[in-house]
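K.L.:
My structure is below; once you've seen it, I'll send some questions.
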Amino acid sequence: MNDLTERMERTRQAAEQLAREQDITLSLIIEDLSNGHSVQFNEAHTHSSASTIKTILLMAALEDEGVDFSLSDMIELSDENSVDFSVVTQMDEKIYSIHEYLQWMILESCNASTNVIIDLLGYDRINQVCRDLGMKETVVQRKMMDTEARARGQDNLTSARDMAILYKTIYHKQYFNPKACDKGIAILSRCRDRKLLRRFLPQELTFAHKSGGLDEVSHDVGIFFDPDVLVSAFTTSLAGEKMQIKREQTIGHIGRWLLKEEI
């Protein structure tokens, strides 16, 4: 058993215990992409996906480029898709390229950009990608910040296992064309959120990821490079600021336990 394998197992055990102590429902997958060895805990549990689904939209758009649209095509931001505090709403330029919407969707988790991309692709295409990849717990059925739809039980759902499937597909350049995978990794590596898996890591590790959060959920999933390790960490608990901090710190500890030897 190599050092990384040992750290993966220790991290799983410690994370499971911490989540139990904090009354957090944790789902976790850690996989060494160099050899396929993985550890899991509660990986098939269905969580509200929050912004982690944006990676599906990113890859579907990059895959479909050149079919029905070009990334340079300009799309007007409608009032319907505009969301308060979103980057493209704040910039107030009214019209942006598809490429820019995709970047803000990942870099700053821009919800208005996400809504534009959902309209561009359509729910049928988005969910077809999920079915094609065998993402059994994943469904996209509402736009960002549509609280009325969520109150009706119409939510976006996924699991740690499904998101691990998606990121491994991108990493191995399967299903999506190689150019789309390379571009996807490049954009995901620029995601600016440091509150979760990178929370307690002082060094600048390359990390292609997308986080997500709502009142009761905090998630982070992606691939660290050198060593190449996939981490899919999903947490759900009661809502509230104190529980949010506990969820974020729990995921932060997972990153540190796993990768502090790389500091």
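Residues in the sequence shown are numbered from 40 upward in steps of one, following our numbering. Each residue gets a CB set at the ideal place from its N, CA and C atoms; glycine is no exception. No experiment lies behind these values; they were computed from the predicted model shown.
Hey, residue 145 and residue 262: beta-carbon distance below 8 Å or not?
P.N.:
Going by C-beta atoms, residue 145 is not nearer than 8 Å to residue 262.
K.L.:
Tell me the DSSP secondary structure of residue 79 in three-state form.
P.N.:
Of the three classes helix, strand and coil, the one that applies to residue 79 here is strand, per DSSP.
K.L.:
Can you list, in chain order, the residues of its chain with a C-beta nearer than 8 Å to that of residue 244? Leave out the 5 residues immediately preceding and following it.
P.N.:
If we look at residue 244 and ignore the five residues flanking it on each side, its Cβ neighbours are 237, 263, 264, 265, 298 and 301.
K.L.:
Name the one or two DSSP bridge partners that residue 86 has.
P.N.:
Residue 86 pairs with 197.
K.L.:
Can you tell me which residues form a DSSP beta bridge with residue 247?
P.N.:
DSSP lists 262 as partners of residue 247.
K.L.:
Between the C-alpha atoms of residue 99 and residue 219, what's the straight-line distance to the nearest angstrom?
P.N.:
Going from the Cα of residue 99 to the Cα of residue 219 covers about 9 Å.
K.L.:
Check each candidate in 115, 61, 282 and 169 and name the one with the smallest Cα separation from residue 214.
P.N.:
Cα-wise, what sits closest to residue 214 is 169.
K.L.:
Helix, strand or coil for residue 291, going by three-state DSSP, please let me know.
P.N.:
In the structure shown, residue 291 sits in a helix (DSSP, three-state: H, G or I).
K.L.:
Between the C-alpha atoms of residue 224 and residue 240, what's the straight-line distance to the nearest angstrom?
P.N.:
Going from the Cα of residue 224 to the Cα of residue 240 covers about 20 Å.
K.L.:
For my contact list, residue 10 and residue 46 are in at a C-beta cut-off of 8 Å; report their separation, rounded to the angstrom.
P.N.:
Lying outside 40 to 302, the shown extent of the chain, residue 10 is not represented and no answer is given.
K.L.:
So, under 8 Å CB-CB, residue 198 and residue 86 are touching, yes? Tell me the CB distance rounded to an integer number of Å.
P.N.:
Their Cβ separation, rounded to whole angstroms, is 7 Å, which keeps residue 198 and residue 86 in contact under 8 Å.
K.L.:
Which residue wins for smallest C-alpha separation from residue 166, given the options 72, 138, 185 and 205?
P.N.:
Ranking 72, 138, 185 and 205 by Cα distance to residue 166 puts 205 first.
K.L.:
Output the distance between the C-alpha atoms of residue 96 and residue 276, rounded to the nearest integer angstrom.
P.N.:
The straight-line gap from Cα to Cα measures roughly 26 Å.
K.L.:
Ignore the nearest five residues each way along the sequence and tell me which others in residue 149's own chain have a CB closer than 7 Å to its CB.
P.N.:
Correct list, in chain order: 125, 126, 127 and 143.
K.L.:
Kindly give me the distance between the Cβ atoms of residue 290 and residue 272, rounded to whole angstroms, as I take these residues to be in contact under 8 Å.
P.N.:
The pair is a contact, with the Cβ atoms about 5 Å apart (cut-off 8 Å).
K.L.:
In chain order, what residues of the same chain have a beta carbon less than 7 Å from the beta carbon of residue 286, not counting five sequence neighbours either side?
P.N.:
Excluding residues within five positions, the ones whose Cβ falls inside 7 Å are 63, 257, 274 and 276.
K.L.:
So for residue 267, helix, strand or coil by DSSP?
P.N.:
It is coil, neither helix nor strand.
K.L.:
Quick one: using the 10 Å Cβ neighbour count with 16 as the cut-off for buried, is residue 66 buried or exposed?
P.N.:
By the 10 Å Cβ count, residue 66 comes out buried.
K.L.:
For the beta strand (DSSP E) containing residue 113, list its first residue and its last residue.
P.N.:
113-115 is the extent of the beta strand (DSSP E) around residue 113.
K.L.:
Going by Cα to Cα distance, which pick from 61, 88, 44 and 69 is closest to residue 293?
P.N.:
Minimum Cα distance to residue 293 is reached at 69.
K.L.:
Thinking C-alpha only, which one of 114, 174 and 184 is nearest residue 122?
P.N.:
The option with the nearest alpha carbon to residue 122 is 184.
K.L.:
Beta carbon of residue 83, beta carbon of residue 200: below 8 Å?
P.N.:
Cβ distance < 8 Å, so residue 83 and residue 200 count as in contact.
K.L.:
With DSSP run on the structure shown, which of helix, strand or coil describes residue 274?
P.N.:
Of the three classes helix, strand and coil, the one that applies to residue 274 here is strand, per DSSP.
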